[in-house]
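>
Residue numbers (the working numbering), protein chains in the order written: chain F, 54 to 418; chain G, 1268 to 1595; chain S, 16 to 355.
#1: Residue 1358 (chain G) and residue 1549 (chain G): beta carbons closer than 7 angstroms?
#2: Could you tell me whether the region 80-95 of chain F touches the region 288-304 of chain F, using the rule of 3 or more Cβ pairs below 8 angstroms?
#3: Could you tell me whether the region 338-348 of chain S touches the region 277-289 of chain S, where touching means 3 or more Cβ pairs closer than 8 angstroms?
#4: Output needed for residue 1500 (chain G): all residues of its chain with C-beta closer than 8 angstroms, excluding positions within five of it in sequence on either side, in chain order.
#5: Which chain F residues sit within Cβ distance under 8 angstroms of residue 1432 (chain G)?
#6: Using a Cβ cut-off of 8 angstroms, pull out every chain F residue sitting near residue 1486 (chain G), in sequence order please.
#7: At the 7 angstroms Cβ level, is residue 250 (chain F) part of the contact set with chain G, yes or no?
#8: Does the beta carbon of residue 64 (chain F) sit closer than 7 angstroms to a beta carbon anywhere in chain S?
#9: In this structure, how does DSSP classify residue 261 (chain S) when only helix, strand and coil are distinguished?
#10: For chain G, find out if any of its Cβ atoms is closer than 7 angstroms to the Cβ of residue 201 (chain F); answer yes or no.
#11: Taking the alpha-carbon positions, what's the residue 99 (chain F) to residue 251 (chain S) distance?
#12: Can you tell me the Cα-Cα spacing of residue 1523 (chain G) and residue 1536 (chain G), whole angstroms?
#13: Taking 8 angstroms as the threshold, find out whether the region 173-182 of chain S comes into contact with the region 258-271 of chain S through three or more Cβ pairs.
#14: With a CB to CB cut of under 6 angstroms and the five nearest residues on each side skipped, what residues in its chain are close to residue 108 (chain S)?
#15: Determine, using beta carbons only, whether residue 247 (chain F) comes closer than 7 angstroms to chain G.
#16: Would you kindly check if the distance between the Cβ of residue 160 (chain S) and the Cβ of residue 283 (chain S) is under 7 angstroms?
#17: Is residue 192 (chain F) close to chain S, meaning its C-beta is less than 7 angstroms from at least one C-beta of that chain?
#18: Among F:375, F:332, F:218 and F:282, which residue has its Cα nearest to the Cα of residue 255 (chain F)?
#19: How far does the alpha helix (DSSP H) with residue 172 (chain S) in it extend, from its first residue to its last?
#20: Which one of F:398, F:247, F:326 and F:269 has the shortest CA to CA distance from residue 344 (chain F)?
#21: Give me the DSSP bridge partner(s) of residue 1321 (chain G).
#22: According to DSSP, simplified to helix, strand and coil, what is residue 287 (chain F)?
#23: With distances taken from CA atoms, which of F:300, F:285 and F:353 is nearest residue 111 (chain F)?
#24: When we look at the beta-carbon of residue 198 (chain S) and count the other beta-carbons within 10 Å, is it buried (16 or more) or exposed?
#25: Write down every uninterrupted run of the beta strand (DSSP E) in the region 1352-1414 of chain G whose length is 3 residues or greater and which is fully enclosed by it, in chain order.
#26: With burial defined as no fewer than 16 other Cβ atoms inside 10 Å of the residue's Cβ, what is the status of residue 373 (chain F): buried or exposed?
#27: Give a yes or no on contact between the region 297-316 of chain F and the region 275-285 of chain F, applying the rule of three or more CB pairs nearer than 8 angstroms.
#28: For a test of the three-state rule: what should DSSP assign to residue 311 (chain F), helix, strand or coil?
#29: Of the choices S:291, S:249 and S:294, whose alpha-carbon is the least far from that of residue 172 (chain F)?
#30: Using only the alpha-carbon positions, how far apart do residue 1298 (chain G) and residue 1486 (chain G) sit?
#31: Quick one: what's got a C-beta closer than 8 angstroms to residue 129 (chain F)'s C-beta in the same chain, skipping five residues either side?
#32: Assuming residue 1427 (chain G) and residue 1370 (chain G) are in contact, meaning their beta carbons sit under 8 angstroms apart, how far apart are those beta carbons, in whole angstroms?
#33: Please list the partners that residue 250 (chain S) has in chain F, where partner means a Cβ-to-Cβ separation under 7 angstroms.
#34: Closer than 7 angstroms, Cβ to Cβ, to anything on chain S: give me those residues from the region 84-102 of chain F, in chain order.
#35: Check whether the Cβ atoms of residue 382 (chain F) and residue 306 (chain F) sit closer than 7 angstroms, and answer yes or no.
#36: Look up residue 194 (chain F) in the DSSP assignment and say whether it is helix, strand or coil.
Set out below in structure tokens:
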């Protein structure tokens, strides 16, 4: 279905740390939120990489760090052979044409004061692609048609559309620049269930037609698994497991992936009644004060007295194409280590985050 | 007699200078003691308004509620506000989607739980606090002695939802209404809360109305499921029946449109076309007709009626999906 | 949502994923023609309209709000009266009429008589004409003070919001200082500096007091815009930074400021009147000004003829109310939460 070529995107040990500031007159840095803490992955051209994890795991920050919408603290972001982090000012701006983004909330990500036409034109103008009027008009119409909107939508404003149609506008805005990579941050989670399928199908069609490469970020494992070729699972700033979509579902190896998978409700009573849930104790620890050693060891039902608490496991290839960051992945898979009860540790909502905010701290530049 | 018998409940919102809007349109359903009933639908289908109407929590102005809500045979809609307030919390508990905004930010959690006991059970503060501690323990909040004195912003979202459940359960209500209780939570936390709810329903024998948009949540929890569309119940069936043989094209479409964790990857999803904005008013025909694959002439000649099915459910459709077509 | 016609929605466009074979196409053909036509009609009805910008949408809601209509009517009347004062006023506001002055006594100021519907003021001038001319002064001072305040405030706020960092820090400390000064104290200082009071001291004082309000408001909403998804989206598109500020952040942030300006007008009118009331305004007693009328004659002759206080006070209250009503209604109309 998709031609397999080399990686379009490569992340090497990317870190995004946000300083926590405090002080009355002069801000002092009192600590860091380790939103993304050393993630390496690569995305092949024409493929879909799905990044899954719960709120606060840093998946959105990683997506934005890749596009340099937040500045990575460390690491390399290589896009089509060029180190994106080394690009400066105008060069970076130019480079943005090829890497676009789709947002979670289609309404808030569309400027309410601009008509659809002006929204779509903005990117074209920014890259000097809107010089020929007739040509541009044709391009806009084609793009709208590709996302399933009528040409009459051009004169309308975002608030006049339904949620699913707004997301189509968001996709059109990214698509009109003819990008190679699209980072989609929770593209369907704000939409009604019946609309989600429309948008997912549309994204799939567009990928086939235009050879797009996707990085899909979502909390919904079922959605990610459905649309992705490769799935990466993130926990507290790090990648804990990465495998092909099929493989990950067939044989999840990291304890967190197993728990996550067992927690996703399936709309089938027969499955629901039979399945055994791995209930995780307690909450996600604060990303400003992550546990030492394996970040998951405080909640891990398979945690061992040795290594887990003091040595951070590296992401290693356990099976071919299946990378896991767990010291005991093989033993757990072989059933040599049995899960045990975990006392829930109390977790405070992270300092500095608004109450109610689950902790996804994404300050923008 | 049913514990709760909702008959022809309608809620019409009427804002001055605007056209009246029927959010809930003659909805009827029953809840037996100890039963878990699901109200499922997308945003705007009227599921939340239904629950607010049952609880008497709709604003005083701007809406008209008609029909009957019989709780133990007494019509809740006819109760005076004071009497209804007594019922809430004592006979009927409620859990909301957003636990933070449902808790008072300036009162310690323990006091918030204790106050319910004081108000409805006439306990004194010390006794109430002691029971509050037990309740927090029962809903799985670690170290309940310390949590009693803490404020909502000091604990995590999942813990807040547990605290809210503790408040709702404080007076051992016979009916619990949960309005999207896990939507704001992460999946692993959602699994914790759903397990807790299931266990509480089993242990205390309280009946539960589960309001959600997530068919997956319903599948593991509810005895009977009501599917709402455009303010009306379009299909009602027992859990296994509904998921195995969804008859209404909307239900069928919903089940087919969500990607499932256990389905084969890469299969195309069967999307329902259009959006709720395409609905036609029920007086003109079936509201779902413009989005429906099975639409026939009759669908545009007035609203179809809710008819009992052979399998003991109810269905509002002129041309249902045939029973042989099982959901893949 | 059972009423599609109330939705500012759009028709159901033919979508790729509709799968016409299995879906609509075949079954729609089976529909009665009449019914099918109506479905189309419904779709057309919602398709026909559209292209309604937020501004027009807000205007439409504004027109339906009785408070806005009352406020706008008051303001329109007030402006008309101010503009056409020479045509409306029955007399010259400065002229002292012999038939009135002759009746003036220490314990008597003549009320309504032929040709003088509201009677005389303390110097034998026509009260009605002075009230009418007073509207010019109020409009002039109020609008000018607000405009000056708005201009400086927007400039400061926009710079602070666009640059952030230490620029923002310094500018906001300056506005903090300005916020700490009461209008009255500022006016007194200005009068002392200018060595004599004039209407310009009033205008300047009221303007300076409103500067920090506008500056902080604009800066705040620009910072909020900076964090918003659509600004992030523009950045992701590769839009140039100055375009992001000018096309996205500023226009979206200005809405709140413009609403505030309407509300500030009423405050400015009251403040200007109170400064005049205290004698810090224009020393020229011939010039009719509501605050001064209230302060000079209204207070001194309250025992003799309270109407001298009532009428200018009423005028101030009604005009201020007009601006407040309109401002609040605008705020409501623009608030996206109220959109339906």
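Note that beta-carbon positions come from the ideal geometry of N, C-alpha and C, so glycine has one too.
These numbers were taken from a predicted model, which means no experiment stands behind them.
Quick look at the numbers:
#1: Locating residue 1358 (chain G) in the second chain gives position 91, counting from the first residue. Locating residue 1549 (chain G) in the second chain gives position 282, counting from the first residue. Taking 7 angstroms as the cut-off, the Cβ atoms of residue 1358 (chain G) and residue 1549 (chain G) do not count as close.
#2: Yes: at least three Cβ pairs fall under 8 angstroms.
#3: Verdict: yes, contact present.
#4: One-based indexing of the second chain puts residue 1500 (chain G) at position 233. Counting only Cβ-Cβ distances below 8 angstroms, and skipping sequence neighbours, we find 1294, 1295, 1296, 1493, 1494, 1573, 1581 and 1583.
#5: Counting from 1 along the second chain, the entry for residue 1432 (chain G) is found at position 165. Neighbourhood of residue 1432 (chain G) in chain F, by CB distance below 8 angstroms: empty, with the nearest CB roughly 16 angstroms away.
#6: Here residue 1486 (chain G) is taken as the residue at index 219 of the second chain, counted from 1. Within 8 angstroms Cβ-Cβ: 318, 319, 320, 321, 322, 324 and 325.
#7: Here residue 250 (chain F) refers to the residue found at position 197 of the first chain. For residue 250 (chain F), the nearest CB of chain G lies under 7 angstroms from its own CB, placing it at the interface with that chain.
#8: In the first chain, counting from the first residue as 1, residue 64 (chain F) sits at position 11. No, because no Cβ of chain S sits closer than 7 angstroms to the Cβ of residue 64 (chain F).
#9: Numbered from 1 along the third chain, position 246 holds the residue referred to as residue 261 (chain S). Here residue 261 (chain S) sits in helix by DSSP.
#10: On the first chain, position 148 is the one that residue 201 (chain F) refers to. No, residue 201 (chain F) lies away from the interface with chain G (no Cβ there is under 7 angstroms from its Cβ).
#11: Along the first chain, read from residue 1 onward, the residue named residue 99 (chain F) stands at position 46. Along the third chain, read from residue 1 onward, the residue named residue 251 (chain S) stands at position 236. Cα to Cα, residue 99 (chain F) sits roughly 21 angstroms from residue 251 (chain S).
#12: Here residue 1523 (chain G) is taken as the residue at index 256 of the second chain, counted from 1. Here residue 1536 (chain G) is taken as the residue at index 269 of the second chain, counted from 1. CA-to-CA, the gap between residue 1523 (chain G) and residue 1536 (chain G) works out to about 7 angstroms.
#13: Contact between the region 173-182 of chain S and the region 258-271 of chain S is present: three or more C-beta pairs spanning the two stretches fall below 8 angstroms.
#14: Along the third chain, one-based indexing puts residue 108 (chain S) at 93. Counting only Cβ-Cβ distances below 6 angstroms, and skipping sequence neighbours, we find 144, 145, 148 and 303.
#15: Within the first chain, residue 247 (chain F) is the residue found at index 194, counting from 1. When Cβ-Cβ separations below 7 angstroms define contact, residue 247 (chain F) makes contact with chain G.
#16: Your numbering for residue 283 (chain S) matches position 268 in the third chain. Your numbering for residue 160 (chain S) matches position 145 in the third chain. Contact: yes.
#17: Stepping through the first chain from its first residue, residue 192 (chain F) is reached at position 139. Cβ-Cβ to chain S under 7 angstroms: no for residue 192 (chain F).
#18: On the first chain, position 202 is the one that residue 255 (chain F) refers to. Out of F:375, F:332, F:218 and F:282, the CA that lies nearest to the CA of residue 255 (chain F) is found in F:218.
#19: For the purposes of this step, residue 172 (chain S) is taken as the residue at position 157 of the third chain. Segment 142-178, the alpha helix (DSSP H) holding residue 172 (chain S).
#20: Taking the first residue of the first chain as 1, we reach residue 344 (chain F) at position 291. Here the closest residue by C-alpha is F:398.
#21: Your numbering for residue 1321 (chain G) matches position 54 in the second chain. For residue 1321 (chain G), which the question treats as bridged, DSSP gives no partner whatsoever.
#22: Mapped onto the first chain, residue 287 (chain F) falls at position 234. Collapsing the DSSP output to three states places residue 287 (chain F) in a strand.
#23: In the first chain, the residue the question calls residue 111 (chain F) occupies position 58. Ranking the options by Cα distance to residue 111 (chain F), first place goes to F:285.
#24: Counting from one through the third chain, the residue named residue 198 (chain S) turns up at place 183. Flag for residue 198 (chain S) reads buried.
#25: List check, beta strand (DSSP E) in window: 1359-1362.
#26: By one-based count along the first chain, residue 373 (chain F) stands at place 320. By the C-beta density criterion, residue 373 (chain F) is exposed, having fewer than 16 other C-beta atoms within 10 angstroms.
#27: The answer is yes - the region 275-285 of chain F touches the region 297-316 of chain F, with three or more Cβ pairs under 8 angstroms.
#28: Residue mapping note: residue 311 (chain F) aligns to position 258 of the first chain, counting from 1. Assignment of residue 311 (chain F) by DSSP, reduced to helix, strand and coil, places it in the helix class.
#29: Locating residue 172 (chain F) in the first chain gives position 119, where the first residue counts as 1. Minimum Cα distance to residue 172 (chain F) is reached at S:249.
#30: Counted from its first residue, the second chain places residue 1298 (chain G) at position 31. Counted from its first residue, the second chain places residue 1486 (chain G) at position 219. Straight through space, the alpha carbons of residue 1486 (chain G) and residue 1298 (chain G) are spaced by roughly 17 angstroms.
#31: The count along the first chain starts at 1 and reaches residue 129 (chain F) at position 76. Scanning its chain for C-beta atoms nearer than 8 angstroms, with the 5 sequence neighbours on each side dropped, one finds around residue 129 (chain F) the residues 63, 64, 65, 66, 67, 136 and 138, in chain order.
#32: For the purposes of this step, residue 1427 (chain G) is taken as the residue at position 160 of the second chain. For the purposes of this step, residue 1370 (chain G) is taken as the residue at position 103 of the second chain. With 8 angstroms as the limit, residue 1427 (chain G) and residue 1370 (chain G) qualify as a contact, their Cβ atoms being about 6 angstroms apart.
#33: Locating residue 250 (chain S) in the third chain gives position 235, where the first residue counts as 1. Residues of chain F passing the Cβ test: 122.
#34: Within the region 84-102 of chain F, no residue has a Cβ that lies closer than 7 angstroms to any Cβ of chain S.
#35: Stepping through the first chain from its first residue, residue 382 (chain F) is reached at position 329. Stepping through the first chain from its first residue, residue 306 (chain F) is reached at position 253. Yes, they are a contact pair.
#36: Counting from one through the first chain, the residue named residue 194 (chain F) turns up at place 141. Note: residue 194 (chain F) maps to helix in three-state DSSP.
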